[in-house]
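**Student:** Would you mind keeping the following structure in view while I ask a few things?
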Amino acid sequence: MASVTRLTLRRRLNASVQHSYGIVVDVERFPEFMENVTSVKILSADAGTKVVAWEMMIDDAPLDWVEEVRYDAERFRVDFRAIDGVFERFDGRWQVLPDPMGSRVELDLQYEIGLPEIEDVIGPILKTRLEANLETMIASLNERAASR
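Each residue of the sequence shown is one higher than the one before, starting from 837 at the first, in this note's numbering.
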């Protein structure tokens with residue numbers, strides 16, 4: 837039986853909550869400052885919701901998916917869930933919170949490979965690579981926030 841893996845990261849950003857949230861929601865610009873994000877395309881958008889196609893590289897391996905994203909600007913929160921792609925499940929949230937030094941971003945991600953026969957082998961490697969990738973994304977967000 838396949839299992840769900842959960843990754844949670846919390847990091848301080850050197851910018852206000854409003855500014856940090858503005859960077860988090862501006863996914864179309866991620867390829868400009870995130871080396872591993874090769875393409876982000878907005879497939880549809882309406883009030884508070886987008887459908888986004890992602891392409892990224894992890895250790896020279898392409899990873900792509902389509903996700904539905906819901907934005908809550910009042911709570912500085914972004915909820916996402918994959919609706920197509922390589923994972924059986926891929927969902928979570930970004931939350932930007934106040935911090936005495938600027939803001940704090942929290943990323944909570946759950947995913948499931950969906951292939952129990954290879955999960956024991958691939959699972960630990962994928963988790964390590966995804967954690968490193970998410971750390972790089974948050975570091976890039978912080979650099980972007982601090983530079984503006």
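Note that the Cβ used here is the ideal one computed from N, Cα and C, for glycine as well.
I need the boundaries of the beta strand (DSSP E) containing Val914, first residue and last residue.
**Tutor:** 913 to 921 is the span of the beta strand (DSSP E), which, as asked, contains Val914.
**Student:** To which residues does DSSP link Phe926 through a beta bridge?
**Tutor:** Tyr947
**Student:** Leaving aside the five residues before and after Arg922 along the sequence, list all residues of the same chain whose C-beta is less than 8 Å from its C-beta, in chain order.
**Tutor:** According to the sequence shown, residue 922 is Val rather than Arg. Answer for Val922: Leu899, Asp900, Trp901, listed in chain order.
**Student:** Which partner residues of Glu830 appear in the DSSP bridge assignment?
**Tutor:** Nothing in the structure corresponds to residue 830, since the chain is present only between 837 and 984.
**Student:** Within its chain, find whatever has a CB closer than 6 Å to the CB of Val853; leave out the 5 residues flanking it on each side and keep chain order.
**Tutor:** Phe912, Val932, Pro934, Ser939
**Student:** Could you check what DSSP says for Met973 in three-state terms: helix, strand or coil?
**Tutor:** Met973 falls in the helix class under three-state DSSP.
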